[in-house]
Amino acid sequence: MNVNTAKKTEYVFKAPRGTEDVLPEKWALWRKLEEAGRQEFELCGYYEIRTPIFEDTRLFIRSIGEATDIVEKEMYTFADSEDSSITLRPESTAPVMRAYLEYELHKTKKFQKFYYIGPQFRKERPQAGRLRQFHQMGLEAVGANDPLLDVETISVATRIFDRIDLKGYTVKINSIGCEKCRPVFRSILKEKLCEHEKALCELCQSRLNRNVFRILDCKNEKCKTISHHMPSINDYLCGECQTHAKTVREALLEIGIPYIVDAHLVRGLDYYTKTVYEITHSSLGARDAICAGGRYDNLISDIGGPSIGSVGFAIGMEATILALENVTAKKNKLINQEVCGPSPAVYIVSIGEETRKQCFSLLNLLRRSNISADFDYEGRSPKAQMRTANKLGVKYVIVLGPDELARGDVKIKIMETSEEISLKQSEAITWFLNKETPLKK
RNA sequence: GUGGGCGUAGCUCAGUUGGUUAGAGCAUUAGACUGUGGCUCUAAGGGUCGCGGGUUCGAAUCCCGUCGCUCACCCCA
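Set out below in structure tokens:
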């Protein structure tokens with residue numbers, strides 16, 4: 008039966024807006040990135056943590072900030088009982104911190120390193136590299152104030168990108184001060200910008216009261232000129248923040264990670280302090296960040312824990328994969344083979360209905376011996392089965408028809424050379440197991 | 001939430017100032033080779049031209065609406 012006979016109008020369901028299916032042919036890229044991440048995280052002493060996909064809504068309101076866009080209009084929030092509201096996580100830092108506090112991990116060991124990989128949810132209008140269900144891979148180093156730790160996290164991120172061979176990324180860093188110096192800078196900046204209020208774009212005028220720092224990031228030419236003449240946060244950092252920033256920059260230089268200091272790099276969330284950074288990729292569009300992170304010394308106390316400094320980042324997996332595709336000329340299929348290898352190693356071709364049972368039995372013997380194998384479930388002609396075997400890229404085909412059955416043997420065809428050999432059925436498994444190239448998955 | 005662009009076969013796309021029965025390549029299936037893959041040749045299947053309305057003798061083509069996708073703005077790990 009031809010699958011195409013179904014009328015298109017019968018397919019009424021589509022993946023919800025802003026979500027994406029990762030089809031098998033593209034899965035290899037995800038797997039490559041995920042495995043590179045796990046290897047690097049674990050190499051550096053980070054342990055995986057898995058938190059729920061949804062949390063008490065109040066956790067995000069408290070950590071992200073009530074007046075932010077995320078909380079105001081982008082969260083997937085719903086009631087799960089009369090008096091409790093839950094929210095699909097829009098980010099994972101707060102959940103990780105919640106777990107850290109809930110199990111009082113800081114009491115057994117103050118300093119701990121975690122990593123996570125998983126989906127996040129935000130109800131935004133989708134665009135390049137931005138989805139409503141998106142995936143992040145990130146780490147949180149909790150409970151230490153050492154500036155070298157900030158550098159460690161940056162180095163982990165860059166090595167993950169190096170592992171997947173992603174060329175062309177840029178590390179941008181800045182310091183946004185702490186709860187001592189940041190408010191001072193904020194009021195000075197606001198005061199100076201108010202002098203130019205009328206020259207600012209409409210949006211920036213409203214930013215004056217909501218989020219002054221973002222004006223520094225505006226793309227409007229007029230605003231750019233104005234903000235160019237504004238003081239830099241770096242001139243207002245307190246002694247401690249200055250030393251911290253200096254150490255971070257020197258250490259980056261020392262371990263050979265190129266970076267640029269971007270005084271206009273600001274983070275929207277209130278919990279960031281001191282070091283903030285972003286890794287961008289030039290091949291992406293307007294939304295060019297593939298990793299963002301920084302230090303957050305106030306978050307834990309904000310959600311009811313002790314005053315402990317931490318630093319973390321999140322890698323946007325969709326954006327990273329987009330960037331990787333942009334710089335990789337190869338087709339997805341090739342990458343697929345590279346990562347997952349041809350599957351399976353052996354294909355069994357049955358001839359005639361009466362041999363299928365024996366073939367199926369042989370298939371299971373192979374699999375029990377850890378040899379990857381498959382066979383035809385569509386009852387197709389030997390020729391068609393061979394074609395399938397070829398497309399799969401198997402190294403060996405086992406042919407079992409009435410002739411072989413009568414003699415009690417099987418024919419093995421080595422695809423690369425077209426050479427065929429006959430073996431007793433009982434010897435076939437041993438023959439495969441003795442091959443130089445392991446056939447195990 | 002705001003704005004731009006685009007919707008033709010499974011995929012990538014042609015389709016003339018509006019004119020008979022809407023095409024190609026790739027992919028799929030099959031034959032040439034009825035027990036054997038790749039290469040080649042041949043053939044077949046696959047379309048409500050996103051959907052609805054309008055203009056017209058006549059619409060894939062023009063107009064309006066709508067839905068979807070996409071890019072950008074806003075915002076942002």
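Our numbering numbers the first residue of the first sequence as 8 and each following residue consecutively. Don't be surprised by glycine CBs; every beta carbon is placed ideally from N, CA and C.
Quick one: what does DSSP say residue 52 is sitting in, helix, strand or coil? On the first sequence, residue 52 is found 45 positions in, with the first residue counted as 1. Three-state DSSP puts residue 52 in coil, outside helix and strand.
Starting from the C-beta of residue 43, find all residues in its chain whose C-beta is less than 7 Å away, skip the five residues before and the five after it, and write them out in chain order. As a working note, residue 43 is residue 36 in the first sequence. So the qualifying residues of the chain are 167, 170 and 171.
Residue 77: which of 150, 139 and 384 sits nearest, CA to CA? Counting from one through the first sequence, the residue named residue 77 turns up at place 70. Of the listed residues, the one whose Cα sits closest to residue 77 is 139.
Cβ distance (whole Å) where residue 215 is taken to contact residue 200 below 8 Å: The sequence position of residue 215 within the first sequence is 208, counting from 1. The sequence position of residue 200 within the first sequence is 193, counting from 1. With a Cβ gap of about 6 Å, residue 215 and residue 200 count as contacting.
Can you give me the C-alpha to C-alpha distance between residue 448 and residue 71, rounded to a whole angstrom? Position 441 of the first sequence holds residue 448. Position 64 of the first sequence holds residue 71. Only weak support is given to the placement of residue 448: the predicted model assigns it a pLDDT of 44, under 50, and the question is left unresolved by the model.
Measure the CB-CB distance between residue 282 and residue 263 and report whether it falls below 9 Å. Working through the first sequence from its first residue, we reach residue 282 at position 275. Working through the first sequence from its first residue, we reach residue 263 at position 256. Judged by beta-carbon spacing, residue 263 lies beyond the 9 Å limit of residue 282, meaning their Cβ atoms are not closer than that value.
In whole angstroms, what separates the C-alpha of residue 58 from that of residue 155? Within the first sequence, the letter at position 51 stands for residue 58. Within the first sequence, the letter at position 148 stands for residue 155. Annotation: residue 58 to residue 155 spans about 27 Å, alpha carbon to alpha carbon.
Got a sec: does the ligand PLP put a non-hydrogen atom nearer than 8 Å to the Cβ of residue 382? In the structure on display, the ligand PLP does not appear, and there are no ligands present to speak of.
Taking the continuous alpha helix (DSSP H) assigned at residue 67, which residues delimit it? Within the first sequence, the letter at position 60 stands for residue 67. Where residue 67 is concerned, the enclosing alpha helix (DSSP H) stretches over 64 to 71.
What is the DSSP secondary structure of residue 136, reduced to helix, strand or coil? Translated into positions along the first sequence, residue 136 becomes position 129. Of the three classes helix, strand and coil, the one that applies to residue 136 here is coil, per DSSP.
Can you tell me the Cβ-Cβ gap for residue 296 and residue 285, rounded? I've got them flagged as a contact below 8 Å. Here the question's residue 296 lines up with position 289 in the first sequence. Here the question's residue 285 lines up with position 278 in the first sequence. Indeed, because the Cβ distance is near 5 Å, the residues count as touching under 8 Å.
Between which two residues does the beta strand (DSSP E) carrying residue 177 extend? The residue you call residue 177 lines up with position 170 of the first sequence. Its beta strand (DSSP E) spans residues 176 to 182.
Three-state class that DSSP yields for residue 292 in the structure shown: On the first sequence, residue 292 is found 285 positions in, with the first residue counted as 1. Residue 292 falls in the coil class under three-state DSSP.
Identify the continuous alpha helix (DSSP H) that holds residue 308 and give its terminal residues. Taking the first residue of the first sequence as 1, we reach residue 308 at position 301. Per DSSP, residue 308 belongs to the alpha helix (DSSP H) from 306 to 309.
Excluding the 5 residues flanking residue 104 on each side, which residues of the same chain have their C-beta closer than 8 Å to its C-beta? Translated into the one-based positions of the first sequence, residue 104 becomes position 97. The residues are 70, 147, 149, 306, 307, 310, 312 and 317.
Name the one or two DSSP bridge partners that residue 442 has. The residue you call residue 442 lines up with position 435 of the first sequence. Answer is none; residue 442 lacks a bridge partner.
Over the uninterrupted beta strand (DSSP E) stretch that includes residue 93, give me the two end residues. Indexing the first sequence from 1 puts residue 93 at position 86. Element bounds for residue 93: 91 to 95.
Is residue 350 helix, strand or coil by DSSP? Sequence index remark: in the first sequence, residue 350 carries index 343 (1-based). Here residue 350 sits in coil by DSSP.
Opening and closing residue of the beta strand (DSSP E) in which residue 382 lies: Your numbering for residue 382 matches position 375 in the first sequence. Residues 380 to 382.
Exposed unless 16 or more other CB atoms sit within 10 angstroms - verdict on residue 352: Residue numbering aside, residue 352 sits at position 345 when the first sequence is read from its first letter. That one is buried.
Cβ pair residue 429, residue 442 closer than 9 Å: For the purposes of this step, residue 429 is taken as residue 422 along the first sequence, with counting starting at 1. For the purposes of this step, residue 442 is taken as residue 435 along the first sequence, with counting starting at 1. No, these two residues do not count as a Cβ contact at 9 Å.
Excluding five sequence neighbours on each side, which residues of the same chain lie with their C-beta closer than 6 Å to the C-beta of residue 251? The residue labelled residue 251 in the question sits at position 244 within the first sequence. Only residues of its own chain outside the window of five on either side were considered, and among them 154 and 281 have a CB closer than 6 Å to the CB of residue 251, listed in chain order.
Does the pairing of the segment 362 to 371 with the segment 325 to 335 give three or more beta-carbon distances under 8 Å? Too few Cβ pairs lie closer than 8 Å, so no.
Alpha carbon to alpha carbon, how far is residue 294 from residue 227? Give it in angstroms, no decimals. If you number the first sequence from 1, residue 227 lands on position 220. If you number the first sequence from 1, residue 294 lands on position 287. Rounded to the nearest angstrom, the gap between the Cα atoms of residue 227 and residue 294 is 16 Å.
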